[in-house]
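A.B. asks:
2 protein chains.
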Amino acid sequence: MGRWEPNARERLERAALELFEERGYDSTTAAGIAERAGLAKSSFFRHFADKREVLFGGQEVFNRLVADAITGSPPEATPIEMLGAALDAVAVVFTDERRALARRRQAIVAGHDDLRERELLKLAALTGCLSDALRGRGVPDPAAGLAAELAGLAFRNAFARWIDPANDQGFATIARQELKALVAATATLT
Amino acid sequence: MGRWEPNARERLERAALELFEERGYDSTTAAGIAERAGLAKSSFFRHFADKREVLFGGQEVFNRLVADAITGSPPEATPIEMLGAALDAVAVVFTDERRALARRRQAIVAGHDDLRERELLKLAALTGCLSDALRGRGVPDPAAGLAAELAGLAFRNAFARWIDPANDQGFATIARQELKALVAATATLT
Chain A
1 MGRWEPNARE
11 RLERAALELF
21 EERGYDSTTA
31 AGIAERAGLA
41 KSSFFRHFAD
51 KREVLFGGQE
61 VFNRLVADAI
71 TGSPPEATPI
81 EMLGAALDAV
91 AVVFTDERRA
101 LARRRQAIVA
111 GHDDLREREL
121 LKLAALTGCL
131 SDALRGRGVP
141 DPAAGLAAEL
151 AGLAFRNAFA
161 RWIDPANDQG
171 FATIARQELK
181 ALVAATATLT
Chain B
1 MGRWEPNARE
11 RLERAALELF
21 EERGYDSTTA
31 AGIAERAGLA
41 KSSFFRHFAD
51 KREVLFGGQE
61 VFNRLVADAI
71 TGSPPEATPI
81 EMLGAALDAV
91 AVVFTDERRA
101 LARRRQAIVA
111 GHDDLREREL
121 LKLAALTGCL
131 SDALRGRGVP
141 DPAAGLAAEL
151 AGLAFRNAFA
161 RWIDPANDQG
171 FATIARQELK
181 ALVAATATLT
C-alpha cells in the first residue's frame with residue numbers, strides 16, 4: 001500500500017462521476033480519474049479493477065447485508081416479512097448523503113448498453129442471493145424464486161422513487177411501501 | 001443480395017454452435033463461421049451483425065409474438081390468462097426440432113459473463129414488453145410489472161426444464177405448469 005490517502009475511494013468515485021458527466025463514460029480513463037482526484041494512477045488500481053468497477057463496486061457487501069437480514073429474521077417470519085427485513089438492511093447503504101450520487105450514477109448507467117447489462121447481472125446476483133437465503137430458511141421452490149423476484153422488483157421500484165429529485169423519503173420507507181403494494185397486487189392477477 | 005443460398009441463416013447458426021463448442025466462443029470469428037457453413041464471409045454479415053448476434057438474433061419477432069398474444073386475448077381474460085396465452089405463443093419458436101440447438105446455445109451463453117449479461121438484457125426487454133402489453137390491456141401498476149416478472153420467471157423455469165435432456169414435454173405444456181405453480185406460490189408468501 002502507498003502513503004495514507006484520506007477518503008481515497010470516495011474521492012475517486014466523485015472524480016469518476018464528474019468525468020463521466022463531462023467527457024462521457026467512453027472517453028474517461030482510470031488515469032484521468034486518478035488525476036482529477038489528486039491521486040496517483042496506482043491509487044486508482046488499489047481501489048478499483050477498472051473504471052466500470054467505480055460504478056459497480058461493493059456488491060458483495062450489499063448482497064451479504066441482504067442475505068444476513070433474511071437469515072437473521074425471527075423464526076416465525078413469513079417470506080414477505082423476511083424480504084421486508086432485507087430491504088430495511090439495504091437502507092444502510094442508501095443513505096440521504098448517497099442519494100444525489102446514486103442519481104448521477106444511474107443516469108450514466110442508463111445511457112450505456114454495456115453498463116445496463118452489467119447492472120442487470122448485478123440485480124440477477126442480488127435476486128439469486130435472496131432466493132438462496134430464503135431456501136436456507138426453508139422456503140420451497142418456486143415460492144423462493146418468486147419471492148426473490150418480487151423483492152427485486154420492489155427494490156427497483158423503490159430505487160427509482162428514491163433517486164427522484166421530487167422525493168424526500170428515506171429508502172426503507174419507500175421500499176416498504178413498494179413491497180406492500182406488490183403483495184396487494186398479487187391478489188389482482190387471477 | 002448475393003446468389004441464392006438455401007437455409008443460409010440456419011447453416012450459419014449450426015456452424016457457429018459447432019465452432020463455439022470446438023474452439024470456444026472467444027476464438028471463433030465470423031469468417032470462420034462462414035467458412036464452416038460453406039458460405040462467403042459477406043453472407044455472414046447479411047444475416048448477423050456479429051458473432052454474438054448468432055446467439056441473440058430474432059428477439060424482435062419473439063417479443064412481438066408475446067405482445068400480440070396479450071393484446072389479442074379475450075376481453076374478459078385475467079392478467080394470468082393473458083400471460084398463459086403469451087407463453088403458448090412462445091412455443092411456436094421453441095419447437096421440438098429446436099430443443100437440442102437451444103440446449104447447446106444455453107451451455108455457451110452460461111459459460112461467458114458477457115453473454116450472460118446480454119441474455120439478461122434480452123430477458124429484461126421481454127419483461128418490459130410484457131408489462132407494456134399488460135398496461136395496454138388496462139392492467140395498472142404495480143400489478144403489470146409484477147405479472148411480467150412472474151411470467152419472466154415462469155419462462156426461465158420452463159426453459160430450463162425444456163432443454164433438460166431428461167424432459168420430453170413440449171414447451172407450452174411445461175410453461176403452463178410453471179405459471180400455475182407460481183400463481184399457487186403467491187398465496188404462500190404472507
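Chains as they are written, first to last, in the UniProt record's numbering: chain A, 1 to 190; chain B, 1 to 190. Ideal Cβ placement from N, Cα and C applies to all residues, glycine included.
Consider the Cβ of N63/B: report whether some Cβ of chain A lies at a distance smaller than 8 Å.
C.D. replies: It does not: the Cβ of N63/B has no partner Cβ on chain A nearer than 8 Å.
A.B. asks: Pick from A69/A, G84/A, K41/A, R9/A: whose alpha carbon is nearest that of L55/A?
C.D. replies: Among A69/A, G84/A, K41/A, R9/A, the Cα nearest to that of L55/A belongs to R9/A.
A.B. asks: Looking at the unbroken alpha helix (DSSP H) that takes in T28/A, where does it start and where does it end?
C.D. replies: Counting along the chain, T28/A falls outside any alpha helix (DSSP H), and DSSP gives it neither H nor E.
A.B. asks: Nearest by alpha-carbon distance to A154/A: which of Q177/A, A166/A, G145/A, T28/A is it?
C.D. replies: If we check each option's Cα against that of A154/A, Q177/A comes out closest.
A.B. asks: Between V61/A and P79/A, what straight-line distance do the alpha-carbon atoms span, to the nearest angstrom?
C.D. replies: Cα to Cα, the separation comes out at about 22 Å.
A.B. asks: Could you give the C-beta distance for G152/B and L134/B, rounded to a whole number, given that I count them as a contact under 8 Å?
C.D. replies: That belief does not hold up - the Cβ atoms of G152/B and L134/B are roughly 12 Å apart, past 8 Å.
A.B. asks: Between which residues of its own chain and F171/B is the CB-CB distance below 6 Å, once the five residues before and five after are set aside?
C.D. replies: A91, F94, W162.
A.B. asks: With a cut-off of 8 Å, does the C-beta of A147/B fall near any C-beta of chain A?
C.D. replies: Yes, its Cβ sits closer than 8 Å to a Cβ of chain A.
A.B. asks: Assess, as a yes-or-no matter, whether the segment 107–124 of chain A is touched by the segment 103–112 of chain B under the definition of 3 or more beta carbon pairs within less than 8 Å.
C.D. replies: No, the segment 103–112 of chain B is not in contact with the segment 107–124 of chain A.
A.B. asks: Pick helix, strand or coil for P79/B, following the three-state DSSP scheme.
C.D. replies: It is helical.
A.B. asks: Is there at least one Cβ from chain A nearer than 8 Å to P142/B's Cβ?
C.D. replies: Yes, contact with chain A.
A.B. asks: Tell me the DSSP secondary structure of I70/B in three-state form.
C.D. replies: If DSSP states are grouped into helix, strand and coil, I70/B belongs with the helices.
A.B. asks: Could you give the distance in angstroms between the alpha-carbon of A144/A and the alpha-carbon of T188/A?
C.D. replies: Those two C-alpha atoms are separated by around 20 Å.
A.B. asks: Using CA atoms only, rank isn't needed, just tell me which of Y25/B, A69/B, N7/B is closest to L39/B.
C.D. replies: Considering only alpha carbons, the answer is N7/B.
A.B. asks: Which complete alpha helix (DSSP H) runs does the segment 137–165 of chain A hold, if anything under 4 residues is left out?
C.D. replies: Here the runs fully enclosed are 143–162.
A.B. asks: Using 8 Å as the limit for Cβ to Cβ distance, is E117/B near chain A?
C.D. replies: Interface residue, yes.
A.B. asks: Would you report the Cα separation of G128/B and N167/B, rounded to the nearest angstrom?
C.D. replies: Taking the straight line joining both Cα atoms gives about 29 Å.
A.B. asks: How is A185/B classed by DSSP in three states: helix, strand or coil?
C.D. replies: Looking at A185/B - three-state DSSP - the assignment turns out to be helix.
A.B. asks: Helix, strand or coil: how does DSSP classify I108/B here?
C.D. replies: I108/B: helix per DSSP, three-state reduction.
A.B. asks: Below 7 Å on C-beta distance, what does T190/A contact in chain B?
C.D. replies: T78, I80, V183, listed in chain order.
A.B. asks: Helix, strand or coil: which one does DSSP assign to Q169/B?
C.D. replies: Residue state, collapsed to three classes: coil.
A.B. asks: I want to see whether chain A comes within less than 8 Å of T71/B, judged by CB atoms only; does it?
C.D. replies: Judged by the 8 Å Cβ criterion, T71/B is not in contact with chain A.
A.B. asks: To the nearest whole angstrom, what separates the beta carbons of R137/B and M82/B, a pair I think is in contact under 8 Å?
C.D. replies: Yes, R137/B and M82/B are in contact; Cβ-Cβ is about 6 Å, under 8 Å.
A.B. asks: Grouping DSSP H, G and I as helix and E and B as strand, with all else coil, what is N63/B?
C.D. replies: Of the three classes helix, strand and coil, the one that applies to N63/B here is helix, per DSSP.
A.B. asks: Roughly how many angstroms lie between the CA atoms of G58/A and R64/A, to the nearest whole one?
C.D. replies: Cα to Cα, G58/A sits roughly 10 Å from R64/A.
A.B. asks: Check the C-beta distance from P142/B over to L182/A and give it rounded, since I have them as a contact under 8 Å.
C.D. replies: Yes, they are in contact, since the Cβ atoms of P142/B and L182/A sit about 5 Å apart, within 8 Å.
A.B. asks: Could you work out which residues of chain B lie near L101/A, taking near to mean beta carbons separated by less than 8 Å?
C.D. replies: Going along chain B, no residue has its Cβ under 8 Å from L101/A, so there is no contact; the nearest lies around 24 Å.
A.B. asks: Exposed or buried, A89/A, counting other C-beta atoms within 10 Å across all chains shown (16 or more means buried)?
C.D. replies: So A89/A ends up on the buried side.
A.B. asks: Quick check on DSSP: helix, strand or coil for G84/B?
C.D. replies: It is helical.
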